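Participant:
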Amino acid sequence: DAGITQSPRYKITETGRQVTLMCHQTWSHSYMFWYRQDLGHGLRLIYYSAAADITDKGEVPDGYVVSRSKTENFPLTLESATRSQTSVYFCASSVEGNTEAFFGQGTRLTVV
Amino acid sequence: AQSVTQPDIHITVSEGASLELRCNYSYGATPYLFWYVQSPGQGLQLLLKYFSGDTLVQGIKGFEAEFKRSQSSFNLRKPSVHWSDAAEYFCAVGADTGRRALTFGSGTRLQVQP
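Top to bottom, those sequences are chains A and Y.
Everything in the first sequence is counted per our numbering, starting at 3 for the first residue and increasing by one.
Everything in the second sequence is counted per our numbering, starting at 1131 for the first residue and increasing by one.
The structure is reproduced here in C-alpha cells:
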C-alpha cells in the first residue's frame, strides 16, 4: 500500500539498550522527519532530512541518531535508551519541508 | 525561529454547539499555517492549510480557519460540533527560511458532551 509506514507500532526496551525505529514512505518525498509526542509538549522535531544523505538536527536531537541512505527510508536509532525517551514517535514526509506533512501511525516506545 | 502557541489545553463543548480553537504564531514573514487532528491512537490528519490568498480557508469535516496577520492568529472554527470531532487538534507553522520543517503547538484536546 502507498503511504508512510512505521515499525514497530509498540516497543518496550530496557534502559541502555539500542533500539531502532523504522520509517518507510512510498511517495518519493524529498523531506522526512522524526517527531516525538509528549503530553504538554505537542510534537517536537528530533531530526529531519531534506534528501538522501542529508540530515539535520531538530529541537531535541540528543540521544538519537538518524541516517538516510535511500530516499524512502529514514530510521531513527536510540543509541542507549533512557527513560526520558519513553514517548510516541511519529515519522512524516513532505514534498517541501515547510508544506503539508504526511504522518505515519506512530511508534509507542516504553523504556523501562 | 518560528513558534506556535495554543492557549487552550482542553476544551469541552456540547454537541451541536459552535467551536473555536485558538492558535497564535510567531514568524517574521508570511507563514504557512496548518491545522491537524489526531484521534486516539492514530497519526495526524491534515484538516486545512493556508499558504497565501484568501485568508478564510475551508477544510475537511466542515472546519474552517481564518488567517489574521494583525493578530498573528490562525483560529480553527466549526459551526456545529459532532461527537466524532472529539480529538486532539494541533496548529503548525512552516517557514521559508531556516529550518524547513513544521513547528507544532502543544495541542488542544476537544471533548464533546452529548
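Backbone N, C-alpha and C fix where the C-beta goes; we use that ideal spot for every residue, glycine too.
Computed from a prediction, not measured in an experiment: that's the story for all the values here.
With respect to the beta strand (DSSP E) encompassing residue 1168 of chain Y, which residues constitute its N-terminal and C-terminal limits?
Facilitator: Here the beta strand (DSSP E) through residue 1168 of chain Y covers 1162-1168.
Participant: Got a sec: is the Cβ-Cβ distance from residue 45 of chain A to anything in chain Y below 8 Å?
Facilitator: Yes, residue 45 of chain A counts as interfacial toward chain Y.
Participant: Answer yes or no: does any C-beta atom of chain Y fall closer than 8 Å to that of residue 101 of chain A?
Facilitator: It does; some Cβ of chain Y falls within 8 Å.
Participant: Answer with buried or exposed for residue 53 of chain A, where buried requires no fewer than 16 other C-beta atoms within 10 angstroms of its C-beta.
Facilitator: Burial call: exposed.
Participant: Could you please tell me which residues of the region 1227-1243 of chain Y, in chain order, have their CB closer than 8 Å to any CB of chain A?
Facilitator: So the list reads 1229, 1230, 1231, 1232, 1233, 1234, 1235, 1236 and 1237, given in the order they occur along the chain.
Participant: Taking 8 Å as the threshold (beta carbon to beta carbon), is residue 1162 of chain Y in contact with chain A?
Facilitator: Cβ-Cβ to chain A under 8 Å: yes for residue 1162 of chain Y.
Participant: Would a check of beta-carbon distances place residue 1179 of chain Y closer than 8 Å to chain A?
Facilitator: Answer yes: the Cβ-Cβ gap between residue 1179 of chain Y and chain A drops below 8 Å somewhere.
Participant: Do residue 107 of chain A and residue 8 of chain A come within 8 Å of each other at the CB atom, strictly closer than that value?
Facilitator: It is a contact, given that the beta carbons lie within the stated cut-off.
Participant: Nearest by alpha-carbon distance to residue 1178 of chain Y: which of Y:1162, Y:1199, Y:1239 and Y:1170 is it?
Facilitator: For residue 1178 of chain Y, the nearest C-alpha among the options comes from Y:1162.
Participant: Could you check whether the Cβ of residue 5 of chain A sits closer than 8 Å to any Cβ belonging to chain Y?
Facilitator: Cβ-Cβ to chain Y under 8 Å: no for residue 5 of chain A.
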